[in-house]
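Reading through the structure tokens given below for one structure.
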Amino acid sequence: MADCLFCKIARGEIPASVVYEDETVFAFRDIHPKAPVHVLVIPRHHVATLSDADDPALLGLLMDRVRHIADSVLRLDAGYRVQFNVREGGGQEVFHLHAHILGGW
Ligand code: AMP
Ligand code: ZN
Numbered sequence: 000m001a002d003c004l005f006c007k008i009a010r011g012e013i014p015a016s017v018v019y020e021d022e023t024v025f026a027f028r029d030i031h032p033k034a035p036v037h038v039l040v041i042p043r044h045h046v047a048t049l050s051d052a053d054d055p056a057l058l059g060l061l062m063d064r065v066r067h068i069a070d071s072v073l074r075l076d077a078g079y080r081v082q083f084n085v086r087e088g089g090g091q092e093v094f095h096l097h098a099h100i101l102g103g104w
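The letter at position 32 of the sequence shown is residue 31 when you use numbering that gives the first Met the number 0, and the numbering goes up by one with no holes.
Rendered as structure tokens:
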């Protein structure tokens, strides 16, 4: 999507602190971290919100990558929290589907 902030980050048009990328997902550090480790994991394909994510294969892959990034890339051995903010009432501010990984306390 042309003017979506997270699409631009995934395309490399806006700089980000990238922690992981593959052909389907992209992960980078949150610019305003709410935990010692705060990473956002997004699909490269634009989906606005979890409510619109009607592809079970994409959601399965996203969650598999969340697990991989938290456990094997960030090595949050003590554990971590995974959060989706869904639409305005859920506190979503950027309308490109993303999982928050929070940990490192
Ligand atoms: P949400 O409230 O779930 O939509 O979360 C959006 C998150 O994106 C917030 O935690 C912001 O701090 C984060 N954010 C906004 N702009 C950027 C950016 N340019 N780079 C990294 N994270 C960002
Ligand atoms: Zn987007």
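For every residue, glycine included, the Cβ atom is placed at its ideal position computed from N, Cα and C.
Asked                                                                                                          : Found
Own chain partners of LEU60 with C-beta closer than 6 Å, once the 5 adjacent residues on each side are dropped : THR23
Beta-carbon spacing of ALA98, VAL40 below 8 Å                                                                  : yes
Contact test: HIS45 Cβ vs ligand 2 heavy atom, cutoff 7 Å                                                      : yes
First through last residue of the alpha helix (DSSP H) which encompasses LEU61                                 : 55-67
Heavy atom of ligand 2 within 7 Å of PHE5 beta-carbon                                                          : yes
Residue list, Cβ distance to ligand 1 heavy atoms smaller than 7 Å                                             : LEU4, ILE8, ILE13, ALA15, PHE27, ARG28, ASP29, ILE30, HIS31, LYS33, LEU39, ASN84, GLY90, GLN91, GLU92, VAL93, HIS97 and HIS99
Terminal residues of the beta strand (DSSP E) in which PHE83 lies                                              : Premise fails: PHE83 is in no beta strand (DSSP E) and is neither H nor E.
Candidates VAL38, ALA52 and MET62, of which the one nearest HIS44 by Cα                                        : ALA52
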